[in-house]
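Chains as they are written, first to last, in my numbering: chain A, 2 to 330; chain B, 980 to 1281; chain C, 14 to 349.
Below you'll find the structure, written out as structure tokens, and then a few comments.
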Amino acid sequence: MADQAPGVRIDGLTVVYKTPAGELPAVRGISLTLEPGTITGIVGESGSGKSTLALSLLNAVQPPGRIAAGSVEIDGLGDVVGFAGEQLRKARGAHIGYVFQAAQNSLNPLKTVGKQLLDLGRSHGVADLRGLVREARELLGRMGLDGARVLDSHQHELSGGMRQRVGIMLALVLNAHLVVLDEPTTALDMITQANILKIVREVHAERGLTTLVITHDIGVVAEVADRLAVMYGGRLVEQGPTREVLGSPRHPYTRGLIRAIPRLVGDIDEARALPGRPPTLVTVPKEGCVFRERCELRMDVCDTVDPSVVADGSRIVACHAVTVKEHAS
Amino acid sequence: MSDTLIPETGMSTSATMRRNFWLGVWRVMKRKPSRMAGVVIIVGFAFMGVFGPMFFPDHLPDNPNAITQPPSWAHWFGTDPQGRDVVALVITGSRYVLLSAAVTALITVVFGTSLGLFSGFKRGRWDTVLMRITDMKLTIPGLPLLLVLATVWKFGSPIQMGLVLGLLGWGGVARAVRAQTLSLRERGFIEAARGLGLSTKHIISKELLPSMAPYIAMNMLIAVTGAVYAQVGLFFLGVLPYESDNWGVMLNLAVFQAGAMITTNALGYLLAPLLAILLLTLGIVLVVDAMDEIFNPRLREE
Amino acid sequence: MINGTGITKTFKQRGNVLGRREVPALRGVDFEIGKGGSASFIGESGCGKTTLGRIIAGLETYDSGEIEIDGTPMSPLKLKHRQPHFRKIQMIHQDPYSALNPTRTIYQTLQAPLALRAGQTGRSKGWIDERAAEVLSLVGLDPGTVLSRYPHQLSGGMRQRVVIARALTVDPEMLVADEAVSMIDVSLRLGILALLKDLRERLGVSVLFITHDVATARYIGGDGELYVIYRGQVVERGPVDTIIANPVHPYTQSLLSAIPVLHGLELPGEEPVVPLESLTENQSESGCLFAARCPFRGDGCTDERPLLRVTEGVPQEHACYYPQRRSVIARPMSEV
Chain A
2 MADQAPGVRI DGLTVVYKTP AGELPAVRGI SLTLEPGTIT GIVGESGSGK
52 STLALSLLNA VQPPGRIAAG SVEIDGLGDV VGFAGEQLRK ARGAHIGYVF
102 QAAQNSLNPL KTVGKQLLDL GRSHGVADLR GLVREARELL GRMGLDGARV
152 LDSHQHELSG GMRQRVGIML ALVLNAHLVV LDEPTTALDM ITQANILKIV
202 REVHAERGLT TLVITHDIGV VAEVADRLAV MYGGRLVEQG PTREVLGSPR
252 HPYTRGLIRA IPRLVGDIDE ARALPGRPPT LVTVPKEGCV FRERCELRMD
302 VCDTVDPSVV ADGSRIVACH AVTVKEHAS
Chain B
980 MSDTLIPETG MSTSATMRRN FWLGVWRVMK RKPSRMAGVV IIVGFAFMGV
1030 FGPMFFPDHL PDNPNAITQP PSWAHWFGTD PQGRDVVALV ITGSRYVLLS
1080 AAVTALITVV FGTSLGLFSG FKRGRWDTVL MRITDMKLTI PGLPLLLVLA
1130 TVWKFGSPIQ MGLVLGLLGW GGVARAVRAQ TLSLRERGFI EAARGLGLST
1180 KHIISKELLP SMAPYIAMNM LIAVTGAVYA QVGLFFLGVL PYESDNWGVM
1230 LNLAVFQAGA MITTNALGYL LAPLLAILLL TLGIVLVVDA MDEIFNPRLR
1280 EE
Chain C
14 MINGTGITKT FKQRGNVLGR REVPALRGVD FEIGKGGSAS FIGESGCGKT
64 TLGRIIAGLE TYDSGEIEID GTPMSPLKLK HRQPHFRKIQ MIHQDPYSAL
114 NPTRTIYQTL QAPLALRAGQ TGRSKGWIDE RAAEVLSLVG LDPGTVLSRY
164 PHQLSGGMRQ RVVIARALTV DPEMLVADEA VSMIDVSLRL GILALLKDLR
214 ERLGVSVLFI THDVATARYI GGDGELYVIY RGQVVERGPV DTIIANPVHP
264 YTQSLLSAIP VLHGLELPGE EPVVPLESLT ENQSESGCLF AARCPFRGDG
314 CTDERPLLRV TEGVPQEHAC YYPQRRSVIA RPMSEV
């Protein structure tokens, strides 16, 4: 069992959902590598498939959804797509820690945090429960909380930011080295958000983790992630080192998204809304580029041909217009 | 072709709205064959209650030569100890049962809903007083009270019976509707309606009630079954005089007079009213399943 | 258009057997929003900004102080007579999903308040239909396709536009937008903000913007007043642009420091301010409310509460004994 950060290779992953209109892909042909010891941020709007992608890492896509194709290779574990039953349950928690969306509300309101911690330990067959509690107290202390007090508290006695930290503790306490955070700061205040992001960064470095952060907020990714991947309509449209992608975005969606955020300095009227609206499972185009309806660089080829993923050094983009421009220059 | 023009311009008149609603209901019903079966059963029972007794004379002909017969081609469920056809008895007895059940359901729902709405919407002192009364009412045990009432009242008319059962049954609905009202009134659209200056009448009838409609409709249907059980039970226990035709009277006679527990001859006499109750309950359960989809536009229009 | 002086509000929470716990939500707040102007309230959740917004929209009562709408004081009036005044101020809720009745079509939603007005002014049914289409066009929706829809058939952004259209049916003088874009997809948010800005410019509607994101407040109107609220007290007040450029209260500075930096596009501020601890329920009531969390706390901070005032060399009002400009916000790399 690897006691260091594992690498993850997602290859050609497609997840479909059964609807009255047939099986529709929520995630389509995605390949993404999480290098060991890095923080990767996935940015996307509602319906982009980002949460589905995160669930696939645990092979936890619930019916009516299912993983239709592709593989998710995790170092020291193998391809989790083939896992089932007990094997899968053990992998979750012990290898992969998951902090759920709205972790603020995912605690059991009837049990103290400590009791839930013990439940978690027992279900994973932890022999040394005292050690587990000690570890939890240390982790909470590390995140600036009074561990003993928090373990004795019920959910309603904790603030939103404290609950989020408890969520992170529960994801890490079994010594998982791959951590997925789904919308870690939604519904938190700016100051609390900054605090949580700082904790994520520090804990990541200290414990030697591979971290995946899923969010709709480009600012969150900008603060914590080494690499940034942008999802739209179930496709990965752009990825690369965070600073490079933010500094010189190539895909028109990434560019539009960054321009749509009002900033504190500079000409405020430079902020522009993206026209149209994000597609849903049903309205996403079956062929051609998924973004073309809202794209300012749309060409004829976009209607029929899905742009292929083109790598240029550490930058990866899926856009016809970008490819054409590069060939020209 | 003004009909097709109206929805296109978006100026839907209430008539087209209503038509769309019933089209939606039809769609929902068609979705599952079980629902259609439920509707058929309920319509069948309604038909039986309204028109059934008209096909039979006021006093069913008795036949001293054919007392307590087992089922045969002439008498599908056999005959009773007076030689009367059991099927005819079920049909003539249905009017009392169904009419009183309908009255009960109506009173339960109208009374319970208005009280719950009022209490939840007004809150404060009114709420406290009304809910204390409701709680007190909920603590009154129904059956003993009915037994006491039966000593002074004969329940000869189904309306009387429905009235009493209804007045005993509204407590649960009132509490539930109040709880729903309390949670709905915190929703943005109710607050917005108040901010826009819309009348309380509008808010209650147009904004609150439709959101609770599936709930109220379900309660109403379930109240029907409850009322059927209650009155049939009363008659079966024999605490009420046998003055009226009723399934409960049949059950009582089947057990205590025809000896259904001892002889197989009276089995049909015992089973027929039981089957009728079972079938009615089944029909209601099957239809209740559709209520959510009927009153929720998202599920209805899909 | 509307102004308030010394508004206080205390919520009584159910406490233990010994009695109720009183939670002060607002401690004597003054505000003023002119006709066609804009104002923004910012602060952490629980600071009282939403309560104040709801009081301004007439959805909540206040304990003491006075609110005047177009010069008419509200507290002498009975509830019934207050309502027509507050109707000029319409609330845009945060959640466009619960703000529309799921059982009613958009037409029905708009028709109800319009019918009420038509009844009062003796206008025809044709006017209702016309006006319904008109308000939808105002918010950038196509009446032909939207009117007959149910809310669930619209996206979050479209719903929020319908909510704004519904508010416009009563010809309001002011809109109160409480975190109006936080539940909407990022790429659509700016569209809603642009709409509010546009309504302000075209119809002269005042906009009160309640948010935790200062940058969005700036988009609605850089000239508008910014109120930084902390535990029910306004701790800094002045034009949005002035405060963003030169915040002097350590709380304002911590709020601004917490805004994520788009590394690669921006450089972080040089003197970010991080509060010493997080906001808890039982923080001290004596002296400056922020003292317990303040990294720059000095003599006298815990003795007497500083009040909002103007001091020499600081253009905006503030409530700090040691006002000091600090460079806390990120700067675009292009400007460096």
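C-beta atoms are modelled at their ideal positions from N, C-alpha and C, and glycine is treated no differently.
Give a yes or no on whether the minimum CB-CB distance between residue i and chain C is below 9 Å.
i       : result
A:G220  : yes
A:E224  : yes
B:T983  : Its pLDDT being 34, under 50, B:T983 is placed unreliably by the model, and nothing is read from it.
A:M232  : no
B:E1170 : yes
B:H1181 : yes
B:G1103 : no
A:R143  : no
B:L1272 : The sequence as given places Glu at residue 1272 of chain B; Leu does not occur at that position. Chain C, which has no Cβ nearer than 9 Å to the Cβ of B:E1272, makes this no.
B:L1175 : yes
A:T34   : no
Counting only beta-carbon atoms, is residue i nearer than 9 Å to chain A?
i      : result
C:Y335 : no
C:R162 : no
C:H225 : yes
C:L340 : Per the sequence presented here, residue 340 of chain C reads as Ser, with Leu not at that position. Answer no: the Cβ-Cβ gap between C:S340 and chain A never drops below 9 Å.
C:V199 : yes
C:V274 : yes
C:I242 : no
C:M346 : yes
Taking Cβ positions only, does residue i come closer than 9 Å to chain B?
i      : result
C:F44  : no
C:Q166 : yes
C:R318 : no
C:R144 : no
C:T134 : no
For residue i, which of the options has the nearest alpha-carbon?
i       : options                            : result
B:G1072 : B:Y1208, B:P1220, B:I1112, B:G1031 : B:G1031
C:V287  : C:E147, C:H262, C:Q296, C:H276     : C:H262
A:R166  : A:A149, A:L133, A:N196             : A:N196
A:A70   : A:Q63, A:L78, A:G77, A:G83         : A:G83
A:E184  : A:S249, A:V225, A:T34              : A:V225
B:N1042 : B:Q1061, B:A1053, B:F1034          : B:Q1061
B:N1290 : B:D1037, B:F1026, B:D1059, B:F1035 : Residue numbering for chain B in the displayed model covers 980 to 1281; residue 1290 of chain B lies beyond these limits and cannot be assessed.
B:I1119 : B:W1001, B:G1103, B:G1148, B:S1093 : B:G1148
C:T85   : C:E192, C:D76, C:R213, C:P97       : C:P97
A:D218  : A:P242, A:G241, A:T255, A:G289     : A:T255
C:G295  : A:D80, A:V17, A:L159               : Per the sequence shown, the amino acid found at residue 295 of chain C is Asn instead of Gly. Minimum Cα distance to C:N295 is reached at A:L159.
B:Y1194 : B:V1088, B:D1114, B:F1026          : B:V1088
A:G209  : A:A177, A:I215, A:V238, A:T193     : A:A177
A:L133  : A:A319, A:D120, A:P64              : A:D120
Can you confirm whether residue i, when its beta carbon is compared against all beta carbons of chain E, has any partner nearer than 9 Å?
i      : result
C:Y232 : In summary, chain E is missing from the structure at hand, where the protein chains are A, B and C.
Starting from the C-beta of residue i, find all residues in its chain whose C-beta is less than 7 Å away, skip the five residues before and the five after it, and write them out in chain order.
i      : result
A:T15  : P26, V28, R29, G30, A69, A70, G71
C:L113 : T122, P164, R172, V175, V176
Quick one: what's got a C-beta closer than 8 Å to residue i's C-beta in the same chain, skipping five residues either side?
i      : result
C:T229 : V194, R202, L206, F222
C:Q107 : D191, E192, A193, S195, M196
Taking a Cβ distance cut-off of 9 Å, strictly less, list which residues of the stretch 287 to 321 of chain A are near chain C, in chain order. The stretch 287 to 321 of chain A vs chain C, Cβ under 9 Å: R295.
Please list the segments of the beta strand (DSSP E) lying wholly inside the stretch 14 to 72 of chain C, counting only runs of 3 or more residues, in order along the chain. Runs found: 15 to 26, 34 to 46, 51 to 55.
Please list, in chain order, the residues of the stretch 261 to 286 of chain A that have any C-beta partner in chain C closer than 9 Å. Answer in chain order: A261, I262, P263, R264, L265, V266, G267, I269, D270, A272, R273, A274, L275, P276, G277, R278, P279, T281.
When you check each C-beta in the stretch 281 to 295 of chain C against every C-beta of chain A, which residues fall closer than 7 Å? Of all residues in the stretch 281 to 295 of chain C, P288, S291 have a Cβ within less than 7 Å of some Cβ in chain A.
The stretch 1183 to 1208 of chain B: which residues have C-beta closer than 8 Å to a C-beta of chain C, in chain order? Cβ contacts with chain C: K1185, E1186, P1189, S1190, A1192.
For a minimum of 4 consecutive residues, which ranges assigned as the alpha helix (DSSP H) are wholly contained in the stretch 235 to 284 of chain C? Correct list: 253 to 258, 263 to 270.
Near-chain C residues of the stretch 182 to 196 of chain A (beta-carbon distance less than 8 Å), N- to C-terminal order: Listed by position along the chain: D190, M191, I192, T193, Q194, A195, N196.
Residues from the stretch 94 to 110 of chain C in contact with chain B, defined by Cβ distance under 7 Å: Those residues of the stretch 94 to 110 of chain C placed with their C-beta closer than 7 Å to a C-beta in chain B are Q96, R100, Q103, M104, H106, D108, ordered along the chain.
Quick one: which unbroken beta strand (DSSP E) runs of 3-plus residues sit fully inside the stretch 187 to 230 of chain C? Chain order, please. Listed in chain order, the complete beta strand (DSSP E) runs (minimum 3 residues) inside the stretch 187 to 230 of chain C are 187 to 191, 219 to 224.
Residues from the stretch 1154 to 1167 of chain B in contact with chain C, defined by Cβ distance under 7 Å: The stretch 1154 to 1167 of chain B vs chain C, Cβ under 7 Å: R1166, G1167.
Positions along the stretch 56 to 67 of chain C whose CB lies within less than 7 Å of some CB in chain A: Within the stretch 56 to 67 of chain C, those residues whose Cβ lies closer than 7 Å to any Cβ of chain A are, in chain order, E57, S58.
4-residue-minimum alpha helix (DSSP H) runs that sit fully inside the stretch 1111 to 1181 of chain B, ordered along the chain: Counting only runs of 4 or more, we get 1121 to 1131, 1137 to 1163, 1167 to 1174.
What are the start and end residues of each continuous alpha helix (DSSP H) run of 4 or more residues lying completely inside the stretch 154 to 239 of chain A, in chain order? Taking only runs of at least 4 residues, the alpha helix (DSSP H) segments lying wholly in the stretch 154 to 239 of chain A are 161 to 173, 191 to 208, 219 to 225.
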